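Q: Sequences listed follow chains F and E, in order.
At position 59 of the first sequence the residue is numbered 42 (the numbering used here), and the sequence of numbers has no breaks.
At position 324 of the second sequence the residue is numbered 307 (the numbering used here), and the sequence of numbers has no breaks.
Protein chains: 2
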Amino acid sequence: MTDFPLAPGSTIGVLGGGQLGRMLIEAASRLGFDVAVLEREADSPAGRVAAKLIVGAYDDEAALAELAAATGVVTYEFENVPAASVAWLAARGVEVAPGPKALAVAQDRFEEKTFLNAHGAPTVAFAPASTAEEAAQAVAAIGVPALMKTRREGYDGKGQRWVEHLADAAAAFAALGGVPVIVEAACDFVRELSVIAARGRDGETAVYPLAENHHEGGILRRSIAPARADQALSEQAERIAARVLGGLDYVGVIGIELFELADGRLLVNEFAPRVHNSGHWTQDGCEVDQFEQHIRAVAGWPLGPTQAIAQVEMLNLLGDEVDAWPRFAAEPETRIHLYGKRDAKPGRKMGHVNRVKPL
Amino acid sequence: MTDFPLAPGSTIGVLGGGQLGRMLIEAASRLGFDVAVLEREADSPAGRVAAKLIVGAYDDEAALAELAAATGVVTYEFENVPAASVAWLAARGVEVAPGPKALAVAQDRFEEKTFLNAHGAPTVAFAPASTAEEAAQAVAAIGVPALMKTRREGYDGKGQRWVEHLADAAAAFAALGGVPVIVEAACDFVRELSVIAARGRDGETAVYPLAENHHEGGILRRSIAPARADQALSEQAERIAARVLGGLDYVGVIGIELFELADGRLLVNEFAPRVHNSGHWTQDGCEVDQFEQHIRAVAGWPLGPTQAIAQVEMLNLLGDEVDAWPRFAAEPETRIHLYGKRDAKPGRKMGHVNRVKPL
Chain F
-16 MTDFPLAPGS
-6 TIGVLGGGQL
4 GRMLIEAASR
14 LGFDVAVLER
24 EADSPAGRVA
34 AKLIVGAYDD
44 EAALAELAAA
54 TGVVTYEFEN
64 VPAASVAWLA
74 ARGVEVAPGP
84 KALAVAQDRF
94 EEKTFLNAHG
104 APTVAFAPAS
114 TAEEAAQAVA
124 AIGVPALMKT
134 RREGYDGKGQ
144 RWVEHLADAA
154 AAFAALGGVP
164 VIVEAACDFV
174 RELSVIAARG
184 RDGETAVYPL
194 AENHHEGGIL
204 RRSIAPARAD
214 QALSEQAERI
224 AARVLGGLDY
234 VGVIGIELFE
244 LADGRLLVNE
254 FAPRVHNSGH
264 WTQDGCEVDQ
274 FEQHIRAVAG
284 WPLGPTQAIA
294 QVEMLNLLGD
304 EVDAWPRFAA
314 EPETRIHLYG
324 KRDAKPGRKM
334 GHVNRVKPL
Chain E
-16 MTDFPLAPGS
-6 TIGVLGGGQL
4 GRMLIEAASR
14 LGFDVAVLER
24 EADSPAGRVA
34 AKLIVGAYDD
44 EAALAELAAA
54 TGVVTYEFEN
64 VPAASVAWLA
74 ARGVEVAPGP
84 KALAVAQDRF
94 EEKTFLNAHG
104 APTVAFAPAS
114 TAEEAAQAVA
124 AIGVPALMKT
134 RREGYDGKGQ
144 RWVEHLADAA
154 AAFAALGGVP
164 VIVEAACDFV
174 RELSVIAARG
184 RDGETAVYPL
194 AENHHEGGIL
204 RRSIAPARAD
214 QALSEQAERI
224 AARVLGGLDY
234 VGVIGIELFE
244 LADGRLLVNE
254 FAPRVHNSGH
264 WTQDGCEVDQ
274 FEQHIRAVAG
284 WPLGPTQAIA
294 QVEMLNLLGD
304 EVDAWPRFAA
314 EPETRIHLYG
324 KRDAKPGRKM
334 GHVNRVKPL
């Protein structure tokens, strides 16, 4: 078994070699930890700063065995980690955080919304469907327009379709691949917000101020944080975060996406059991950012402070937008975070900037 | 030849694998750079976060060739880089920053003080000596007590002796190994200060606020920054920094140690052609810290802002003091920076903490 709090000099395992892994390593390095990354690609943003890189599939037992030999604590930077891999590691005494419950709930949109409602975190109305007939029934029950999403996989707006007419339900179901789906009611929100929160191994929680998020084509473009919010709104978000974290017996940082309704109520859209793009503002807006907070939680350290020390506008740099780095570098108020990705495909997250001003 | 500004995704070379290298890599990673480290030890703080680790001596041509193949820009984290290695790299089109002049001057305490005085940066009185007779003459000229130091090598109080009586000069010279020395007048300072400054490839300079430093046994224990300083004192420091940076045609971050006299004048004690322990406060006290600033300068990027956004007390953690990490981790105002060193030998710099409060 692993002893907590984990001492500096220990190795922490990370499944996934993307930018979230890279920024977790930057934070882990500051705290004196080494990081072992398991990643499919031989060249990756996180792999290039990892103390140890294991190249393999996330369900490759030889790769997992190598990871288990290197470390007693593993976390991940994406939610589609195979449950069997987590079970395999756990059976060998490796602590995986966030734990299997958080992963299982987060990997299935129907389980996720069912869990949220059961724990007093409201969502839009929803219904599951596994056949074309059930899909039509679900759309009829929810009403149009409705959003049909695959229960599993899908991110950044992928794996979902709007259904404008009941008659289109079966076609949408087929277009999504005929896999199990969830049908969600449309949400007439006034703003998209998110709350980044953390829970330690001792159950301590810490919640960052709300971020206001702007998406384009399903991809986050811009976050403003701390978001303009009265005390009632902030308290709602904190209550939701506490219920979700407690209900999942969570360890680590979570990103919870919210809809703000005209009447001031918050609904939960979804959560990600990991550090979250809408929390990147904390790198330059808080003393302890979401990456260090996640490492602290996973390592069994006390959580750090979460209050904002600056007002931040976070802009994602997608595709060749990253080519504007010389302009950003010349702006005194702009902090630059680039991921070292080799290929600036359209829409690909290549980096972000935090434009900082005093609170 | 290397094109500047250096584009993200490029590799920067670092000679030396210690904590300064590690923190340079943390900053370089944020900006999307990869780092190749050349270091004697197979296991080192910086080696464990480097994209590429080359194990070899700093004057090993095969190792230098491997470094030159990986990158067109090389910097270093310690001042005793062999001049021949820098020349070897430069002859192969590799830009080494800070350049050979800064290194040559910084490596010889007599050259350093001569340079400083020639550029209007005042120092204590000093005289060189290469024999026991010259050492006695130098002490006679400077007066006692005098500080005798080897001209080359030596750090953290090593390689130096106080001479209290003229009759002890020859013995001190012998005790220092009979190598060329410099004899310096004692300085009756009221405070030890330092200024961290940077110069870009285009000659742009940026100066951080002064830090007040407290040493024990020749080793930095504690810095307080921004130091209490009136405008005249800050302007003196900025003037000194500008003269030193300009005189050396410098590229990168420099750490300049200063003595404050009772009459308010500043004398230069010495400078280090690299990021500096007394600049660690910038990690949590400034938007762009000395490590990112150095990477920006070396990469030919514009320099970042240097004003303080918080008041910081930096404490070095020496030897087993690092074992107190659980206490520091529980302090909300304390930011932790640990180096991942395996062996907490007495006096060894294992990490530091920045205790932060609002300005």
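Every residue gets a Cβ at the ideal spot worked out from N, C-alpha and C, and that includes glycine.
Remember, it's a predicted structure, so these values are computed and weren't measured experimentally.
Using DSSP with H/G/I as helix, E/B as strand and the rest coil, what is N337 of chain F?
A: On the first sequence, residue 337 of chain F is found 354 positions in, with the first residue counted as 1. Looking at N337 of chain F - three-state DSSP - the assignment turns out to be strand.
Q: Can you list the residues of chain E that L298 of chain F reaches, using a CB-CB cut of under 7 Å?
A: Here residue 298 of chain F is taken as the residue at index 315 of the first sequence, counted from 1. Near L298 of chain F there are no residues of chain E at all, since even the closest Cβ is about 15 Å away, more than 7 Å.
Q: Closest by CA to Y233 of chain F, which one among F:E275, F:A245, F:R222 and F:E187?
A: Residue mapping note: residue 233 of chain F aligns to position 250 of the first sequence, counting from 1. Nearest C-alpha to Y233 of chain F: F:E187.
Q: Between the alpha carbons of A152 of chain F and A29 of chain F, how many angstroms are there, rounded?
A: For the purposes of this step, residue 152 of chain F is taken as the residue at position 169 of the first sequence. For the purposes of this step, residue 29 of chain F is taken as the residue at position 46 of the first sequence. Straight-line Cα distance between these residues: approximately 41 Å.
Q: Cutting at 6 Å between CB atoms, please list the residues of its own chain near A70 of chain E, excluding the five before and the five after it.
A: On the second sequence, residue 70 of chain E is found 87 positions in, with the first residue counted as 1. For A70 of chain E, where only same-chain residues beyond five positions count, there are no Cβ hits under 6 Å.
Q: At the 8 Å Cβ level, is S12 of chain E part of the contact set with chain F, yes or no?
A: Reading the second sequence from its first residue, position 29 is the one you call residue 12 of chain E. It does: the Cβ of S12 of chain E has a partner Cβ on chain F nearer than 8 Å.
Q: If you check the beta carbons only, do G268 of chain F and V251 of chain F fall under 8 Å apart?
A: In the first sequence, counting from the first residue as 1, residue 268 of chain F sits at position 285. In the first sequence, counting from the first residue as 1, residue 251 of chain F sits at position 268. Their beta carbons are not under 8 Å apart, which means G268 of chain F does not touch V251 of chain F by this criterion.
Q: Are the C-beta atoms of Y322 of chain F and some chain E residue less than 8 Å apart?
A: By one-based count along the first sequence, residue 322 of chain F stands at place 339. True, the Cβ-Cβ gap to chain E drops below 8 Å.
Q: For A19 of chain E and K35 of chain E, which I take to be in contact (beta-carbon distance under 8 Å), what is that distance rounded to the nearest angstrom?
A: Position 36 of the second sequence, counted from the start, is the residue given in the question as residue 19 of chain E. Position 52 of the second sequence, counted from the start, is the residue given in the question as residue 35 of chain E. With a Cβ gap of about 4 Å, A19 of chain E and K35 of chain E count as contacting.
Q: Mind pulling the chain F residues with CB within less than 7 Å of E313 of chain E?
A: Here residue 313 of chain E refers to the residue found at position 330 when the second sequence is read from its first residue. The residue you asked about is not Glu; residue 313 of chain E is Ala in the sequence shown. Simply P285.
Q: Quick one: list the residues of chain F neighbouring G334 of chain E, beta-carbon separation under 8 Å, in chain order.
A: Here residue 334 of chain E is taken as the residue at index 351 of the second sequence, counted from 1. By Cβ distance, chain F contributes P(-9) and G15.
Q: Which first and last residues belong to the alpha helix (DSSP H) in which S177 of chain E is found?
A: In the second sequence, residue 177 of chain E corresponds to position 194, counting from 1. Segment R174 to R182 is the beta strand (DSSP E) holding S177 of chain E; no alpha helix (DSSP H) there.
Q: What's the C-alpha gap between A168 of chain E and G126 of chain E?
A: Working through the second sequence from its first residue, we reach residue 168 of chain E at position 185. Working through the second sequence from its first residue, we reach residue 126 of chain E at position 143. Each residue's Cα considered, the two are about 7 Å apart.
Q: Using a Cβ-Cβ cut-off of 8 Å, state whether V32 of chain F counts as contacting chain E.
A: By 1-based counting over the first sequence, the position of residue 32 of chain F is 49. V32 of chain F counts as touching chain E.
Q: Start and end of the alpha helix (DSSP H) containing L14 of chain F?
A: Along the first sequence, one-based indexing puts residue 14 of chain F at 31. Run containing L14 of chain F: none; DSSP gives neither H nor E here.
Q: Within a Cβ cutoff of 7 Å, which residues of the same chain sit near L244 of chain E, ignoring the five residues on either side of it in sequence?
A: Taking the first residue of the second sequence as 1, we reach residue 244 of chain E at position 261. Only F172, V173 and L250 meet the Cβ criterion.
Q: Out of curiosity, what's the CA-to-CA distance linking H263 of chain E and M297 of chain E?
A: As a first step, residue 263 of chain E is located in the second sequence; it is residue number 280 there, counting from the start. As a first step, residue 297 of chain E is located in the second sequence; it is residue number 314 there, counting from the start. Straight-line Cα distance between these residues: approximately 7 Å.
Q: Would L14 of chain F and E60 of chain F be called neighbours here (beta carbons separated by less than 8 Å)?
A: Here residue 14 of chain F corresponds to residue number 31 of the first sequence, with the count starting at 1. Here residue 60 of chain F corresponds to residue number 77 of the first sequence, with the count starting at 1. No, the pair does not count as a contact, with Cβ atoms beyond the cut-off.
Q: Between which two residues does the beta strand (DSSP E) holding S206 of chain E run?
A: Stepping through the second sequence from its first residue, residue 206 of chain E is reached at position 223. I202 to A208 is the span of the beta strand (DSSP E), which, as asked, contains S206 of chain E.
Q: Who are the neighbours of V339 of chain F on chain E, taking C-beta pairs under 7 Å?
A: For this step, residue 339 of chain F is matched to residue 356 along the first sequence. The contacting residues are E270.
Q: To test your reading of the DSSP string, which unbroken alpha helix (DSSP H) runs of 4 or more residues are found completely within the stretch 106 to 133 of chain F?
A: 115 to 125
Q: Which chain F residues are close to E9 of chain E, counting only those with a beta carbon under 7 Å from its beta carbon?
A: Counting from 1 along the second sequence, the entry for residue 9 of chain E is found at position 26. What E9 of chain E touches in chain F: E9, S12 and R13.
Q: Got a sec? Which residues, its chain only, sit under 7 Å from G0 of chain F by beta carbon, not counting five neighbours each side?
A: Counting from one through the first sequence, the residue named residue 0 of chain F turns up at place 17. So the qualifying residues of the chain are V20, E22, E24, S27, P28, A29 and G30.
Q: To which residues of the same chain is F(-13) of chain F closer than 6 Å at the C-beta, ignoring the five residues directly before and after it?
A: On the first sequence, residue -13 of chain F is found 4 positions in, with the first residue counted as 1. Correct list, in chain order: R184 and G283.
Q: Identify the residues that DSSP records as bridge partners of A194 of chain E: which are they?
A: Taking the first residue of the second sequence as position 1, residue 194 of chain E is located at position 211. For A194 of chain E, which the question treats as bridged, DSSP gives the partners E:S177.
Q: At 8 Å on the CB atoms, spell out the chain F contacts of W145 of chain E, in chain order.
A: Position 162 of the second sequence, counted from the start, is the residue given in the question as residue 145 of chain E. Chain F residues near W145 of chain E: none, gap ~36 Å exceeds 8 Å.
Q: Determine the DSSP secondary structure at F274 of chain E, reduced to helix, strand or coil.
A: Position 291 of the second sequence, counted from the first residue, corresponds to residue 274 of chain E. Helix, per DSSP.
Q: Going by Cα to Cα distance, which pick from F:L3, F:L228, F:A208 and F:A46 is closest to A85 of chain F?
A: Translated into the one-based positions of the first sequence, residue 85 of chain F becomes position 102. Minimum Cα distance to A85 of chain F is reached at F:L228.
Q: What's the gap between the Cα of D326 of chain F and the Cα of M131 of chain E?
A: Position 343 of the first sequence, counting from 1, holds the residue named residue 326 of chain F. Position 148 of the second sequence, counting from 1, holds the residue named residue 131 of chain E. Rounded to whole angstroms, D326 of chain F to M131 of chain E spans 57 Å at the Cα level.
Q: So, helix, strand or coil for N260 of chain E, using DSSP?
A: To locate residue 260 of chain E, count along the second sequence from 1; it is residue 277. Note: N260 of chain E maps to helix in three-state DSSP.
Q: Using beta-carbon positions only, say whether A124 of chain F and A118 of chain F come within less than 8 Å of one another.
A: Looking up residue 124 of chain F in the first sequence gives position 141. Looking up residue 118 of chain F in the first sequence gives position 135. No, Cβ-Cβ distance for A124 of chain F and A118 of chain F is not below 8 Å.
Q: Using C-beta distances below 8 Å, list every residue in its chain close to F93 of chain F, excluding the 5 sequence neighbours before and after it, in chain order.
A: Numbered from its first residue, the first sequence carries residue 93 of chain F at position 110. The answer, listed in chain order, is F109, P111, R134, P163 and I165.
Q: Please classify L7 of chain F: does DSSP put it in a helix, a strand, or coil?
A: Position 24 of the first sequence, counted from the first residue, corresponds to residue 7 of chain F. In the structure shown, L7 of chain F sits in a helix (DSSP, three-state: H, G or I).
Q: 8 Å is my cut-off, CB to CB: does I319 of chain F come that close to chain E?
A: Position 336 of the first sequence, counted from the first residue, corresponds to residue 319 of chain F. I319 of chain F counts as touching chain E.
Q: Cβ closer than 7 Å: which chain F residues qualify as neighbours of W308 of chain E?
A: Within the second sequence, residue 308 of chain E is the residue found at index 325, counting from 1. Simply P(-9).
Q: Could you give the DSSP three-state label for Q290 of chain E: helix, strand or coil?
A: Numbered from 1 along the second sequence, position 307 holds the residue referred to as residue 290 of chain E. DSSP places Q290 of chain E in coil when its eight states are reduced to three.
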